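A short write-up of the structure that comes next.
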Amino acid sequence: MTDAQPVPHPTTPPLVQVVQLKKHFPIRQGLIFEKEIGSVKAVDGISFSIQRGETLGLVGESGCGKTTAGRTILGLYPITAGQVIISGISLESASKDQMKSFRQKAQLIFQDPYASLNPRWTVSAIIGEPIRVHHLLPDVKARDERVHELMLKVGLSPRLINRFPHEFSGGQRQRIGVARALASNPEFIVCDEPISALDVSIQAQVVNLLEDLQDEFNLTYLFIAHDLSMVRHICDRVAVMYLGVIVELADKDELYENPLHPYTQALLSAVPIPDPKKSRARKRTVLPGDVPSPSNPPSGCRFHPRCPVGIERCKIDIPEWREITPGHWVACHLVMNPEIL
Amino acid sequence: MELEKPILEVKDLRTRFHIAEGTVYAVNGVSFHLDHGETIALVGESGCGKSVTMMSIMGLIPIPPGEIANGQALYKGRDLLKLSEDEMEDLRGKDIAMVFQDPMTAFNPVLTIGRQLGEPMRVHMGMDKQNIQQLSLELFEQVGISDPAQRLKDYPHQFSGGMRQRAMIAMALCCSPSILIADEPTTALDVTIQAQIVELVQTIRTNMNMSVIWITHDLGVVAEIAERVLVMYAGFLVEEALVDDLYEDPRHPYTQALLAALPRVDRHRHSRLQSIPGAPPNLLVAPTGCPFVQRCQFAFDLCRNEMPPLIQVGLNHQAACWLDVTTGKER
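Read top to bottom, the protein sequences are chains A and B.
Numbering of the first sequence is given in this note's numbering, commencing with residue 11 and proceeding in unit increments.
Numbering of the second sequence is given in this note's numbering, commencing with residue 64 and proceeding in unit increments.
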């Protein structure tokens, strides 16, 4: 269980370090004389670090850039600007060999258990792929044994080793995805909405599995999700993203009980509570409008057009990213200068 | 007198699908009622038959492969299951309107939103262009779409997900239906947008005195919107209760397990989630006994052989379980 683990010591260097990471996708026009007419600023300068054995939650609404952030951190998209350092290897300056070891150490669990498994491959081929690619076990028999072992670890019967993905239910497929991610003995796993496509009763099974594996192998997770209740359950610290930037980052209980950024406050008040009495009693902030387009984000604080408490200054100045209390970071003019309220 | 009777009463509905692999027992004897001005929620996991129940009532099940093997759906005294396609067409959208889960695919992409919004007004109410335009503007304002005159000329792709769902609701409201069936209307939306839509439906329901059937898998949304809740599992109705009773004192082991499996945003105690072992049963096998038996920690012999009926366990509270879970005794 996560709470039984020692709290990561702050003086040890973090396993994952992300510094001012940016990922922009160009918007092109024209067929032959293609020219760039703008860019989608999917991730626009985010920084955080994750300690070994820790789970950091990355939450936000669709289109806020959380999935792009996760994939850029794993080197699946070329970085526009900034730095990612995992286990001492910097993604930008890594040599070919280092890159290989990077890919072995950092893995990804996908959101959609239906689309992320090759339908023509057997479970054995799917889970065995990272072992083959990284030449971890050259012997075929040893590889099969390892696949057996991994299947048992994630709660699948090894009898099913030669079945195809369509023969499994959503929850079982997600277990296959987890086993595949584990196959290369990673240290860091990005879980990109691993339970969003599953039913409630199955979600709990997969979450418990992820927690057990973390304890057993001392794994470090970046848990990307939009379900704030699940994030509170599984994460140690939580970062809230809005339109390509992180607006608040804190210890999970601090963030959920004392949210400082108006967006975090609104987001938390919008989460339905499965308790009719509590849900009637609480006050809700319903945000007006939709998330603006990341190709043309609002000036100043990106949240200002929807912010219930914004002031003139929010339209002009970009709020600074500051640590308000130890470990609690926020970017908002009003939180930093309460006197202007 | 008319007002005292339920506006919709469904009795022993059974829907099956005959496919190449055999017969899918999708809905197995579901009965419930909906009162005037009431909001009920139909909850369950994917494949539990909640959408098929509603589609059967609305005559939207393709026959074949579908078959409505049994049942009645009385709307103002008329059995919807016995109506002809023409009669049903007349009723759909006018008396009973539906809002669907996916606001991205529910609209025709090559027609303007205004044209699609105006269609039911033309078909059901025979309105002319001018009246349609005026009512459309009013409806768009009512559902909170700004700059309605301009937005009516837009195509679906120009709307965001939340806006499309608002437009869907406007469309459902245009003939002032007495029942609104909302099939997972917020599942595809973000929480902040979901909050907007939940609030909108609540306001409209009060203003127009509609009855609402809200189909969802999200027990959090149910707690917010419903007065009475029906829990479905594998095509069976397993529990029915007023919303407060259901959350405080769930009586069916499935409902209990489901509530225990939920992580809570308002709790910080980190404990292991109670997962329900196994998966829902295969609907291709004709049900004998309780559908939850393989995953139930209390199951005994009777559960395997005979499906328990809905048993009264409290005032307005019924559960289909052979066991009285509060005392641990057989019924």
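All C-beta atoms in this analysis are idealised placements derived from N, C-alpha and C, irrespective of residue type, glycine included.
None of these values were measured; they are calculated from a predicted model.
Item: For Glu155(A), which three-state DSSP category applies?; Value: helix
Item: Should Met64(B) go down as buried or exposed, given a rule of 16 or more other Cβ atoms within 10 Å for buried?; Value: A caution first: Met64(B) carries a pLDDT of 42, below 50, which makes its placement in the model too unreliable to give a value.
Item: Reducing DSSP to helix, strand and coil, say where Lys32(A) ends up.; Value: strand
Item: For Leu66(A), which residues does DSSP report across the bridge?; Value: Leu232(A), Arg247(A)
Item: Are the segment 107-123 of chain B and the segment 137-147 of chain B touching by the rule of at least three beta carbon pairs closer than 8 Å?; Value: yes
Item: Could you tell me which chain B residues have their CB closer than 8 Å to the CB of Gln215(A), listed as they occur along the chain?; Value: Ser338, Ile339, Pro340
Item: Closer than 8 Å, CB to CB, is Val162(B) near chain A or not?; Value: no
Item: Where does the unbroken alpha helix (DSSP H) through Ile232(B) begin, and where does it stop?; Value: 224-236
Item: Interface residues of chain A around Val301(B) at Cβ under 8 Å?; Value: None at all; the shortest Cβ gap to chain A is about 13 Å.
Item: By the criterion of Cβ-Cβ separation under 8 Å, what are the contact partners of Thr255(B) in chain A?; Value: Glu71, Ala276, Leu277, Ala280, Val296, Leu297
Item: Please state whether DSSP places Asn195(A) in a helix, a strand or coil.; Value: coil
Item: With 8 Å set as the bound, which would you pick, yes or no: does the beta-carbon of Met240(A) sit closer than that to a beta-carbon of chain B?; Value: yes
Item: Is DSSP giving Val328(B) helix, strand or coil here?; Value: coil
Item: Straight-line CA distance for Met295(B) to Ala280(A)?; Value: 26 Å
Item: When burial is assigned at 16 or more other CB atoms within 10 Å of the CB, is Pro248(B) buried or exposed?; Value: buried
Item: Nearest to Lys33(A) by CA position, among Leu68(A), Lys45(A), Gly63(A), Ile83(A), is which residue?; Value: Ile83(A)
Item: With the cut-off set at 8 Å, would you say Cys238(B) and Leu202(B) are in Cβ contact?; Value: no
Item: For a minimum of 4 consecutive residues, which ranges assigned as the alpha helix (DSSP H) are wholly contained in the segment 307-383 of chain B?; Value: 316-323, 364-368
Item: Starting from the Cα of Ala125(A), find the closest Cα among Ile95(A), Gln213(A), Gln184(A), Ser111(A) and give me that residue.; Value: Gln184(A)
Item: When the cut-off is 8 Å and only beta carbons count, does Ala268(B) lie next to chain A?; Value: First, the residue type needs correcting, since residue 268(B) is Arg and not Ala in the sequence shown. Taking Cβ atoms only, chain A never reaches closer than 8 Å to Arg268(B), which makes this a no.
Item: Which residue from Lys262(A), Leu31(A), Pro23(A) puts its Cα closest to that of Arg62(A)?; Value: Pro23(A)
Item: May I have the straight-line CA-CA distance separating Ala342(B) from Asp387(B), to the nearest angstrom?; Value: 24 Å
Item: Just verifying my parser: in three-state terms, what is the DSSP assignment at Asn171(B)?; Value: coil
Item: Excluding the five sequence neighbours on either side, which residues of its own chain have a C-beta within less than 6 Å of the C-beta of Ile208(B), listed in chain order?; Value: Arg214, Arg229
Item: What residue does the alpha helix (DSSP H) around Gln55(B) start on, and which one ends it?; Value: Nothing in the structure corresponds to residue 55(B), since chain B is present only between 64 and 394.
Item: Nearest CA to the CA of Trp339(A): which residue from Pro269(A), Pro308(A), Ala276(A)?; Value: Pro269(A)
Item: From Val94(A) to Leu31(A), what distance separates their C-alpha atoms?; Value: 7 Å
Item: Please state the DSSP three-state secondary structure of Phe163(B).; Value: coil
Item: Which residues, in chain order, does the segment 214-243 of chain B contribute to contact with chain A at a C-beta distance below 9 Å?; Value: Ser223, Gly224, Gly225, Met226
Item: If we count Cβ pairs, one from each stretch, closer than 8 Å, do we get three or more for the segment 253-265 of chain B versus the segment 285-304 of chain A?; Value: yes
Item: With a threshold of 8 Å between beta-carbons, can His338(A) be considered close to chain B, or not?; Value: no
Item: Got a sec: is the Cβ-Cβ distance from Val17(A) to anything in chain B below 8 Å?; Value: Residue placement at Val17(A) is flagged as unreliable, the pLDDT there being 45, under the threshold of 50; a coordinate-derived value is accordingly withheld.
Item: Listed in chain order, which residues of the segment 175-206 of chain B have Cβ atoms closer than 7 Å to some Cβ of chain A?; Value: none
Item: Do Gly70(A) and Tyr252(A) have their C-beta atoms within less than 8 Å of each other?; Value: yes
Item: Based on Cα-Cα distance, which residue from Leu373(B), Asp307(B), Glu287(B), Asn368(B) lies nearest to Asp293(A)?; Value: At residue 293(A) the sequence reads Lys, which differs from the Asp that was named. The residue with the shortest Cα to Cα distance from Lys293(A) is Glu287(B).
Item: Looking only at C-alpha atoms, which of Leu373(B), Leu322(B), Met370(B) sits nearest to Ser55(B)?; Value: Outside the shown range of chain B, which is 64 to 394, sits residue 55(B), and nothing can be said about it.
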